[in-house]
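Novice: Mapping to the UniProt record's numbering: the sequence shown position 253 is 253, numbers consecutive.
We treat Cβ as the ideally placed atom computed from N, Cα and C, and that holds for glycine.
I have a structure I would like to understand better, so I am pasting it below and will then ask my questions one at a time.
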Amino acid sequence: MTYAVSEIRSAARPRKQRLSKAAIEPWLYLSPAIVLLVVVLLVPLIIGISYSFRKFSAFRSEYVGLGQYQAMLSDQVLGQALINTLWWTVASLFFQFFLGLGLALLLDKPFYGRKVVQAFVFLPWAVPSFLSGLTWAWLFNPIIGPLPHWLFALGLKAEPTNVLSDPATAMWGPIVANIWFGIPFFAITLLAALKSIPSELHEAAAIDGASPWQRFTKVTLPFLAPTIVITVMLRTIWIATFADLIFVMTEGGPAGSTSTVPVYIYVSAFKSLDKGYASAVAVLLLVLLIAYAIGLIVIRRTLVRHV
1 MTYAVSEIRS AARPRKQRLS KAAIEPWLYL SPAIVLLVVV LLVPLIIGIS YSFRKFSAFR
61 SEYVGLGQYQ AMLSDQVLGQ ALINTLWWTV ASLFFQFFLG LGLALLLDKP FYGRKVVQAF
121 VFLPWAVPSF LSGLTWAWLF NPIIGPLPHW LFALGLKAEP TNVLSDPATA MWGPIVANIW
181 FGIPFFAITL LAALKSIPSE LHEAAAIDGA SPWQRFTKVT LPFLAPTIVI TVMLRTIWIA
241 TFADLIFVMT EGGPAGSTST VPVYIYVSAF KSLDKGYASA VAVLLLVLLI AYAIGLIVIR
301 RTLVRHV
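Okay, here's the thing in structure tokens:
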């Protein structure tokens, strides 16, 4: 009896070793990526959050607790930056999405020269954002650019002045540049989603007498809905944290009319040299975007469940 029990224990020991090895082995393969994520993402995030509880001067720093967050409550410049960020994000996203969706629907149909059109549609995505900002700033300049003269000829402006120099219209300059820059993202992703829709569904709907609009709303749109939600979420986060175009074109001016939260963070950290307050504002933006992302993920799960 004792011999049988010892045999069972000796046979079970290698099995436990194999199971433990099988459980550890995947983590060993993932360890380089995990270390990279911790070093590149998690450590800077923790350091940035810790900075938000300190106040920095020229030669030293001191712990102020929630003092930086309390200062944000009375910061009118930050309030205006939040409004500008909302306006910049919503306007850019609206036109990027609908123009990108229209291009995706167009490119999904066979026509002569479609490959050439695809190349031109995807071209803005390949241009560096810094170069895009410079180009659009020159286009809006009435001395060397045609856009102010075209707006004057169309009766949209009383005289050919620089759109970027007027606080009432300055935000439209970076928005137009961002629309041009971001359309390819929606065109590429939505075109890929359109290609995954079985053609038999459209054929069956056409046989049943559905109009093109009915086929789009009842067949195409439900299949696109999960992709639309995730692409809108990603693009919203990118636009809300995107400061390149604005800083190159206007540097947040004139009179703060184009200063978004990322631009305000940059100015606070590197021009005002207030790294603690800039970190606190960055944490605020992070919390807002996380809340937005969670809301859209919940919506996406609901849409996937009903498709």
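1. Would you report the Cα separation of residue 87 and residue 194, rounded to the nearest angstrom?
2. Quick check: residue 186 and residue 96, are their CB atoms within less than 8 Å of each other?
3. I'd like the list of long-range same chain contacts for residue 165, defined as Cβ closer than 7 Å, with 5 residues on each side in sequence excluded.
4. Is DSSP giving residue 51 helix, strand or coil here?
5. Cβ of residue 132 within 8 Å of Cβ of residue 201?
6. Specify whether the stretch 22-41 and the stretch 263-277 touch according to this definition: at least 3 beta carbon pairs, one from each stretch, less than 8 Å apart.
7. Just to confirm the assignment, what range does the beta strand (DSSP E) spanning residue 62 have?
8. How is residue 120 classed by DSSP in three states: helix, strand or coil?
9. Indicate the three-state DSSP secondary structure (helix, strand or coil) for residue 288 in the structure shown.
10. What is the rounded straight-line gap between the Cα of residue 137 and the Cα of residue 159?
11. Classify residue 270 as helix, strand or coil using the three-state DSSP reduction.
12. Of all the options 79, 301, 231, which has the alpha carbon lying nearest to the alpha carbon of residue 260?
13. Tell me the residue span of the alpha helix (DSSP H) that contains residue 242.
14. Go ahead and label residue 221 buried or exposed: buried means 16 or more other beta carbons lie within 10 angstroms of its beta carbon, across all protein chains shown.
15. Considering residue 210, what are the terminal residues of the alpha helix (DSSP H) in which it resides?
16. So, under 8 Å CB-CB, residue 68 and residue 276 are touching, yes? Tell me the CB distance rounded to an integer number of Å.
Specialist: Based on what the coordinates show:
1. Each residue's CA atom was taken as its position, placing residue 87 and residue 194 some 30 Å apart.
2. yes
3. 254
4. If DSSP states are grouped into helix, strand and coil, residue 51 belongs with the helices.
5. no
6. no
7. Run containing residue 62: 61-63, per the beta strand (DSSP E) assignment.
8. helix
9. Under the three-state reduction of DSSP, residue 288 is assigned to helix.
10. 18 Å
11. helix
12. 79
13. Neither: residue 242 is in no alpha helix (DSSP H) and is coded neither H nor E.
14. exposed
15. It is not in any alpha helix (DSSP H) - residue 210 carries neither H nor E in the DSSP assignment.
16. 5 Å
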